[in-house]
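Position 35, counted from 1, in the sequence shown is what my numbering calls 21; the numbers after and before it change by one each time, with no gaps. We put the beta carbon where it would ideally sit given N, CA and C, even for glycine.
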Amino acid sequence: MTNTGRDQEPETKAVTAGRDASGALSPALWASSTWDTTDVDGTNAGAKSVHASGFYSRYGNPTVQSFEHAIAELEGTEAALAFGSGMGAIASTIFALCSTGDHIVAQRNCYGGTLAFLDGPCKRMGIDVTYVDGRSANEFVAAVRPGKTMLVMAETPTNPHLDIVDLAALGAIKGPYTMVDSTLATPLGQRPCSYGVSLTMHSATKGIAGHNDATLGVIAGEKDLINTIWSYAVLHGATASPFDALNGVRGIRSLGARLRQQSETAQQLAEWLSTHPAIKRVNYPGLASHPQHELAKRQMRWFGSLMSIELCGTTDDARRLSQRLRLVRSAVTLGGPDTLISHSTSSTHISVDPAVKAATGISDTLMRVSVGLEAFADLRDDFAEALA
Ligand SMILES: Cc1ncc(COP(=O)(O)O)c(C=O)c1O
-13 MTNTGRDQEP ETKAVTAGRD ASGALSPALW ASSTWDTTDV DGTNAGAKSV HASGFYSRYG
47 NPTVQSFEHA IAELEGTEAA LAFGSGMGAI ASTIFALCST GDHIVAQRNC YGGTLAFLDG
107 PCKRMGIDVT YVDGRSANEF VAAVRPGKTM LVMAETPTNP HLDIVDLAAL GAIKGPYTMV
167 DSTLATPLGQ RPCSYGVSLT MHSATKGIAG HNDATLGVIA GEKDLINTIW SYAVLHGATA
227 SPFDALNGVR GIRSLGARLR QQSETAQQLA EWLSTHPAIK RVNYPGLASH PQHELAKRQM
287 RWFGSLMSIE LCGTTDDARR LSQRLRLVRS AVTLGGPDTL ISHSTSSTHI SVDPAVKAAT
347 GISDTLMRVS VGLEAFADLR DDFAEALA
């Protein structure tokens, strides 16, 4: 709260979120995997504890908990649970909530790793999945099978197409749990749980940690649900490392400034690329030409660092572009300080069925661009030269 009673802006909260009462401005790095529990009774109490630190780091670790508290504060939820990666968060949450014979409604147009997990391990375990087009809220509702559907999963904006899911419509679905992968937006870009969504998930490897030096995932939601998921996650073992959690907290401190800068530069670059004759289409929710621009404006504070571009030509043109760019690097993450380009069909969506790729617009000439912290003029000149 400010001294006028107004709730602080998210950028301000990010500077202190998760801080404890010790007076330290930065959390301590607790590398210890275990704690002295004194005697049999202490060990017994630790083994029965839920999501607590002071026993064994897979159960809970003070540095990881600083990160979890920071995320819960920013998402406006009671609790959060960190994992060793975004996929660790997705896999653990699905297996915590779904059993053989259960049903999931998921978005067809989303991150390739999520699709691979749903089509591989989930199918193998007898968990049935119905895919929908996330751009239509009605499709999520219509696919729910009362009593059978345990989880409705959405991603917004989507990787790599930047489609938007209506958070209010998703949050209104009652019965199954709802989960939103909010990685591209970050906790300062949107807050899905404030719309009634049960769980918000992030690959914190991306914009949250923000410096390409952590592999980290997190979910946020009500305490009881997070504890239920913890009871499975502690056995699944996709535990966050304290060092990555420390980098996660450090990233959160500067997330406001980075996200604002990246969103502004991405907007300029998207507008400039949209006018270039070698580019067929630019997908960025900040563009007035984006089919869901109005919805994005309603539910997002910033449009984020990620866009995708559809080149004129063939795969060879995509290859040549990646070879000719000098400042912009070819690498497969997003949300960091460097501007990166990647060919979705050869990377994030490599294991996705070609028919599904065709149906969801993952073409041979679709390139994902994650805008970093360089000056717009330098990025524009790099693209201008490479596209010429
Ligand atoms: C939207 C989205 N969700 C989840 C993931 C998986 O995250 P991680 O690589 O941290 O496992 C990614 C990775 O690119 C992603 O882009």
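Residue i, enclosing beta strand (DSSP E) - first and last residue
| i | result |
| --- | --- |
| His335 | His335 -> no beta strand (DSSP E), and no H or E assigned at all. |
| Met136 | Thr135 to Glu141 |
| Ile90 | His89 to Gln93 |
| Leu292 | Leu292 to Leu297 |
| Thr301 | Thr301 -> not in any beta strand (DSSP E); alpha helix (DSSP H) instead, spanning Thr301 to Arg310. |
| Asn269 | Ile265 to Asn269 |
| Arg287 | Careful: Arg287 lies outside any beta strand (DSSP E) and carries neither H nor E. |
| Leu352 | Leu352 to Ser356 |
Contact check, residue i vs residue j, beta carbons under 7 Å
| i | j | result |
| --- | --- | --- |
| Ala282 | Thr63 | no |
| Ala65 | Ala58 | yes |
| Trp21 | Asn47 | no |
| Ala102 | Leu60 | no |
| Ser291 | Gly272 | no |
| Thr325 | Leu373 | no |
| Val220 | Ala68 | no |
| Leu202 | Thr49 | no |
| Phe362 | Thr251 | yes |
| Thr319 | Asp350 | no |
| Leu170 | Pro143 | yes |
| Pro178 | Ser168 | yes |
| Met293 | Tyr270 | yes |
| Gly234 | Phe53 | yes |
| Phe289 | Ser249 | yes |
| Gly98 | Thr334 | yes |
Range covered by the alpha helix (DSSP H) that runs through residue i
| i | result |
| --- | --- |
| Val127 | Ala123 to Ala129 |
| Lys343 | Pro340 to Ala345 |
| Leu235 | Looking at the sequence itself, residue 235 is Val, so the reference to Leu does not match. It spans Pro228 to Arg239 - the alpha helix (DSSP H) in which Val235 sits, taken as one unbroken run. |
| Asp114 | Where Asp114 is concerned, there is no enclosing alpha helix (DSSP H), although the beta strand (DSSP E) it sits in stretches over Asp114 to Val118. |
| His222 | Lys209 to His222 |
| Leu359 | No alpha helix (DSSP H) holds Leu359; DSSP gives it neither H nor E. |
| Leu101 | Gly98 to Phe103 |
Counted within 10 angstroms of its Cβ, other Cβ atoms place residue i as buried (16 or more) or exposed
| i | result |
| --- | --- |
| Gln309 | exposed |
| Val91 | buried |
| Cys96 | buried |
| Glu280 | exposed |
| Ile336 | exposed |
| Gln(-6) | exposed |
| Cys298 | exposed |
| Pro132 | exposed |
| Ser43 | buried |
| Lys304 | In the sequence as presented, Lys is not what sits at residue 304; that position holds Ala. So Ala304 ends up on the buried side. |
| Ser191 | The question names Ser, yet the displayed sequence has Thr at residue 191. Its Cβ being crowded by 16 or more others within 10 Å, Thr191 is buried. |
| Thr(-12) | exposed |
| Thr86 | exposed |
- Is the segment 191 to 200 touching the segment 238 to 252 in the sense that three or more CB pairs, one from each, lie closer than 8 Å? yes
- Complete beta strand (DSSP E) runs within the segment 0 to 86 (minimum length 3 residues, chain order): 65 to 69
- Does the count of Cβ pairs from the segment 203 to 220 and the segment 131 to 142 closer than 8 Å reach three? no
- Message: Pairs of beta-carbons, one from the segment 240 to 257 and one from the segment 160 to 176, closer than 8 Å: are there three or more?
- Response: yes
- Counting Cβ pairs closer than 8 Å, one from the segment 100 to 117 and one from the segment 349 to 356, do we hit at least three? no
- Query: So, do the segment 156 to 169 and the segment 179 to 194 have three or more beta carbon pairs nearer to each other than 8 Å?
  - Reply: yes
- Query: Quick one: complete alpha helix (DSSP H) runs, 4+ long, within the segment 151 to 194?
  - Reply: 153 to 157
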